[in-house]
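Q: For the protein sequence lines, the chains are A and B, in the order given.
Numbered by this note's numbering, the letters in the first sequence go through residues 1248 to 1598 in order.
Numbered by this note's numbering, the letters in the second sequence go through residues 146 to 221 in order.
We treat Cβ as the ideally placed atom computed from N, Cα and C, and that holds for glycine.
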Amino acid sequence: MSSFLFLFFYDKSVIIITIMLSIFTYLFGEIILKSKKKEIYHIISISGLLLCLIYFKYAGLFVTTINSMNEFIKLLPKFEIKNFLLPLGISYIVLKHISYLTDIKWGIIMKTNFIDFLSYSSLFTIFTAGPIERYERFEPQIENKEIKFQWVYLNEGFQRIVFGLFKKFALADWIAYFINPIWQNRQDYTIGIQALAILGFSFQIYFDFSGYSDIAIGSSRLFGLKIMENFDYPYLKRNISQFWRGWHISLSDWIRDYIFMPLAKISQNKVWFLFFVPVISMGICGIWHGAKWGFLLWGIWHGIGISIYQVFLYFEKRNDKLKKISGNIFVKPVSVAITFIFITIGWIWFI
Amino acid sequence: MEIKLIEFIINEFLTDNDIEISTDTKLISSGIIDSFSLVSLQLYIEREFDKKIPNPKMTIENCDSVKQIINLINQY
Chain A
1248 MSSFLFLFFY
1258 DKSVIIITIM
1268 LSIFTYLFGE
1278 IILKSKKKEI
1288 YHIISISGLL
1298 LCLIYFKYAG
1308 LFVTTINSMN
1318 EFIKLLPKFE
1328 IKNFLLPLGI
1338 SYIVLKHISY
1348 LTDIKWGIIM
1358 KTNFIDFLSY
1368 SSLFTIFTAG
1378 PIERYERFEP
1388 QIENKEIKFQ
1398 WVYLNEGFQR
1408 IVFGLFKKFA
1418 LADWIAYFIN
1428 PIWQNRQDYT
1438 IGIQALAILG
1448 FSFQIYFDFS
1458 GYSDIAIGSS
1468 RLFGLKIMEN
1478 FDYPYLKRNI
1488 SQFWRGWHIS
1498 LSDWIRDYIF
1508 MPLAKISQNK
1518 VWFLFFVPVI
1528 SMGICGIWHG
1538 AKWGFLLWGI
1548 WHGIGISIYQ
1558 VFLYFEKRND
1568 KLKKISGNIF
1578 VKPVSVAITF
1588 IFITIGWIWF
1598 I
Chain B
146 MEIKLIEFII
156 NEFLTDNDIE
166 ISTDTKLISS
176 GIIDSFSLVS
186 LQLYIEREFD
196 KKIPNPKMTI
206 ENCDSVKQII
216 NLINQY
């Protein structure tokens, strides 16, 4: 109930969308659970969810792209769509619902309950910015229907919220105060200053997003809920694969389970496995962040990074000299620095 | 099962010949196995032991050592 109260004050239309999507996903979940043709119903339901996401989130981008191409190719039709309003949290709901349906198909979720599922879909503490918690972990926590109040929840929750608020308002916004004017008038600044601003953005986005995650995790804790961690010192990782084990963990886990691994199993071809699978997976991860081609490029940049790292591992395994060098204790900080620089360059497309 | 898994991990994923793998050696948290390796491991388990493990179960909590992987396989 408290989730719907929050949504009511924030954006009333979201309540209708959340309830409708929850009924749609729950009913398909029931069908998948009982049917022998799980695969077909799974594909239909996932397509429905994706169509909903595409309509609300990306239709505007497609229309503006086609219309801008129309200036060069006169044969293309011209579309006009006014006021595309992105419902709050739609990107997160769709990912949660896809994982719910797929986990039923895979036999991870064996029993369902509409009220529990609706609570999962609408949980206001993680509604707008994640973490993308899984139903499998959430459901046992509310199964007994009465999470009793404990003072320790308040203590833990508020500590985490304060930590998050500090990261967001004291650190991220403080950095933003210095670098935002640079983005607004780039032409007035030298390349060196712009490079420093991108470096600053690396920290700004980390404190901003991990701060939000702390607030979400802390707020959930106030109600006795344990939500998964979303960050684990990402900038101290030695390579890009490890970075994604520490950055937006709930999203990278989601991409890994529902996109990367299924794609990887399509073919044993090395080029497919080492290049196309990471690039496609991370490209999808990128464009999920927003309806802007820059996000797609950011994702592809990361995909290429993962691919290059895998090729490096392939050669490292077969070359004793390379093994010795990368095992050297002094190489470790160098690899952390190289990874950080690679990530920082990637933010250019994200801004 | 234990020996087969250790042999597979040594042959497929180990870059450093000096590392010895036991049933308790940390595989993911130590960086021996990553997402790419997990796919190969999952396919190997399916092929060798005829057990289909769902993707979300191939986690650091379930696959960080040979002992944990054996426990996971036994659940399916």
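In angstroms, rounded to a whole number, what distance separates the CA positions of Arg1407(A) and Ser1460(A)?
A: 9 Å
Q: Leaving out the 5 sequence neighbours to the left and right, which residues in its chain are closer than 8 Å to Val1558(A) when beta-carbon positions are compared?
A: Around Val1558(A), the same chain offers Leu1521 as residues with beta carbons nearer than 8 Å, after the five sequence neighbours per side are excluded.
Q: By DSSP, does Lys196(B) sit in helix, in strand, or in coil?
A: Three-state DSSP puts Lys196(B) in coil, outside helix and strand.
Q: Can you find a C-beta in chain B that's less than 8 Å from the C-beta of Trp1353(A)?
A: yes
Q: From this set, Arg1468(A), Asp1504(A), Ser1457(A), Trp1501(A), which residue's C-alpha is nearest Pro1481(A)'s C-alpha?
A: Ser1457(A)
Q: Unbroken alpha helix (DSSP H) runs of length 4 or more, entirely within the stretch 1364-1401 of chain A: which are they?
A: 1382-1389
Q: So for Asn1314(A), helix, strand or coil by DSSP?
A: helix
Q: For Val1341(A), is the classification buried or exposed, using 16 other Cβ atoms within 10 angstroms of its Cβ as the cut-off for buried?
A: Around the beta carbon of Val1341(A), 16 or more other beta carbons sit within 10 angstroms, so the residue counts as buried.
Q: Under a three-way DSSP split, which group does Ile1576(A) fall into?
A: coil
Q: Let me know the secondary structure DSSP gives Arg1503(A) once reduced to three states.
A: helix
Q: How would you list, in chain order, the residues of chain A whose beta-carbon sits under 8 Å from the beta-carbon of Leu172(B)?
A: What Leu172(B) touches in chain A: nothing, since even the nearest Cβ is about 13 Å away.
Q: Can the beta-carbon of Met1508(A) be found less than 8 Å from the beta-carbon of Asn200(B)?
A: In this structure, Met1508(A) lies near Asn200(B), with their beta-carbon atoms less than 8 Å apart.
Q: Any beta-carbon of chain B closer than 8 Å to the one on Ser1282(A)?
A: no
Q: Using the beta-carbon count (16 or more within 10 Å), is Val1409(A) buried or exposed?
A: exposed
Q: Taking Ser1292(A) and Leu1348(A) to be in contact with their CB atoms under 8 Å, please state how far apart those CB atoms are, rounded to whole angstroms.
A: 5 Å
Q: Looking at the structure shown, is Phe1425(A) part of a helix, part of a strand, or coil, going by DSSP?
A: helix
Q: Count the C-beta pairs between the stretch 1492-1504 of chain A and the stretch 1413-1421 of chain A that are closer than 8 Å, then say yes if the count reaches three, no if not.
A: no
Q: Taking only runs of the alpha helix (DSSP H) that begin and end inside the stretch 1495-1547 of chain A, which ones reach a length of at least 4 residues, in chain order?
A: 1496-1502, 1508-1511, 1524-1535
Q: Look up Glu1286(A) in the DSSP assignment and say whether it is helix, strand or coil.
A: Glu1286(A) falls in the helix class under three-state DSSP.
Q: If you drop the 5 nearest sequence neighbours on each side, which residues of the same chain put their C-beta closer than 6 Å to that of Gly1336(A)?
A: Phe1374, Thr1375
Q: Does any residue of chain B bring its CB to less than 8 Å from the CB of Gln1388(A)?
A: no
Q: Mind pulling the chain A residues with CB within less than 8 Å of Leu186(B)?
A: What Leu186(B) touches in chain A: nothing, since even the nearest Cβ is about 11 Å away.
Q: Let me see if you follow: with CB-CB separation under 8 Å, is Asp179(B) close to chain A or not?
A: Yes, because at least one Cβ of chain A sits closer than 8 Å to the Cβ of Asp179(B).
Q: By a C-beta neighbour count over all protein chains shown, 10 Å radius and 16 as the cutoff for buried, is Val1524(A) buried or exposed?
A: buried
Q: Roughly how many angstroms separate the alpha carbons of Asn1314(A) and Phe1303(A), rounded to a whole number?
A: 18 Å
Q: Residues of chain A with a CB under 9 Å from the CB of Asn156(B): which are they?
A: Correct list: empty, because the minimum Cβ distance to chain A is about 10 Å.
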